[in-house]
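K.L.:
Per the working numbering, numbering of the sequence shown is gapless, rising by one per residue and ending at 579.
Below are the structure tokens for one structure; questions will follow.
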Amino acid sequence: DVDYGLSLRLENFQCSAIDLISLHDYTMDGDYSRRKFQEAIRLAQQYAKRVYVEEFGGRGDTQMAQALNIIRATAHQQGLPWLVWQIVSNARSEDYEFFTNDRTAWTAFEHQAYWAQMSPSSFQWSEIWN
């Protein structure tokens with residue numbers, strides 16, 4: 450299983466070899482995600498780490514669009530960057546990948562990506578943005 454509990458293990462934050470922690474979960478619950486994002490930010494600040502949201506989603510076009518709109522909006526509100534783990538163009542819908550031919554999900558992806566660039570971050574990313 451992939452869930453916030455694995456990403457938020459204290460060992461991840463205490464390990465000196467880890468600088469960046471990726472948050473993974475497939476929930477569609479924005480309130481639950483908000484609480485977990487706040488916990489991740491607190492731990493990251495305490496242990497001088499950075500966090501971002503990477504693995505999330507649903508199966509198929511409609512669920513993927515819902516995940517983008519719920520989880521990404523929640524990440525934006527908390528100042529967390531996000532990315533999708535895979536974008537593919539083939540038509541293997543009903544899986545967790547993002548498909549460019551799933552129009553509802555792709556439109557949600559474009560919308561959320563546009564707004565992400567205007568969201569303040571909880572962390573500095575000087576190696577990416579000057």
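Each residue gets a CB set at the ideal place from its N, CA and C atoms; glycine is no exception.
Note down the Cα distance separating G506 from D480, rounded to an integer number of angstroms.
P.N.:
Residue numbering aside, residue 506 sits at position 57 when the sequence shown is read from its first letter. Residue numbering aside, residue 480 sits at position 31 when the sequence shown is read from its first letter. Computed Cα separation, rounded: 16 Å.
K.L.:
Can you give me the start and stop residues for the beta strand (DSSP E) that E504 sits inside?
P.N.:
For the purposes of this step, residue 504 is identified with residue 55 of the sequence shown, where counting begins at 1. That run of the beta strand (DSSP E) goes 499 to 504.
K.L.:
Could you tell me the boundaries of the beta strand (DSSP E) in which I490 lies?
P.N.:
Residue 490 sits at position 41 when you count from the first residue of the sequence shown. Note, I490: premise wrong, no beta strand (DSSP E); alpha helix (DSSP H) at 479 to 495.
K.L.:
If you check the beta carbons only, do K498 and D468 fall under 8 Å apart?
P.N.:
Your numbering for residue 498 matches position 49 in the sequence shown. Your numbering for residue 468 matches position 19 in the sequence shown. Contact flag set, yes.
K.L.:
One question on the structure: do Y453 and L472 come within less than 8 Å of each other, judged by their Cβ atoms?
P.N.:
In the sequence shown, the residue the question calls residue 453 occupies position 4. In the sequence shown, the residue the question calls residue 472 occupies position 23. Yes, Cβ-Cβ distance for Y453 and L472 is below 8 Å.
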